[in-house]
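Structure record follows, encoded as structure tokens.
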Amino acid sequence: MQSSIVRREYIRHNQKHVAYLQQYYSQYTIDELAAQLQLPAAKLKALARRAGIRKRAPNKQKTLISSTSTAVA
Numbered sequence: 025m026q027s028s029i030v031r032r033e034y035i036r037h038n039q040k041h042v043a044y045l046q047q048y049y050s051q052y053t054i055d056e057l058a059a060q061l062q063l064p065a066a067k068l069k070a071l072a073r074r075a076g077i078r079k080r081a082p083n084k085q086k087t088l089i090s091s092t093s094t095a096v097a
């Protein structure tokens, strides 16, 4: 009985961290977020992985193809 209460508190506590991750994961590094939450970075990475949160890739600048190169069909 006691373990189920502890488990529920653990899940609720992690849900707060997951909500925080979902909001800020694409803007900050894991180390910065871990410092803000006062958690180990490894725990935060594991939480993000389990929650399915992926870091969005920054918009890459498209490289210009020179007009002299042509594709041979």
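With the working numbering as the guide, the letters of the sequence shown map in order to residues 25 to 97.
A virtual CB, placed ideally from N, CA and C, is assigned to each residue, including glycine.
> From which residue to which residue does the alpha helix (DSSP H) around L61 run?
Replying inline: I54 to L61
> Should A70 be labelled buried (16 or more other beta-carbon atoms within 10 Å of its own) or exposed?
Replying inline: Residue burial is scored here from C-beta neighbours: A70 has fewer than 16 other C-beta atoms within 10 angstroms and is therefore classed as exposed.
> Nearest to D55 by CA position, among L68, K40, A43 and Q47, is which residue?
Replying inline: L68
> By Cβ distance below 7 Å, which residues in the same chain neighbour I77 in space, the five residues on each side in sequence not counted?
Replying inline: L45, Q46 and Y49
> What do you reckon, are the CB atoms on A75 and V42 nearer than 7 Å?
Replying inline: yes
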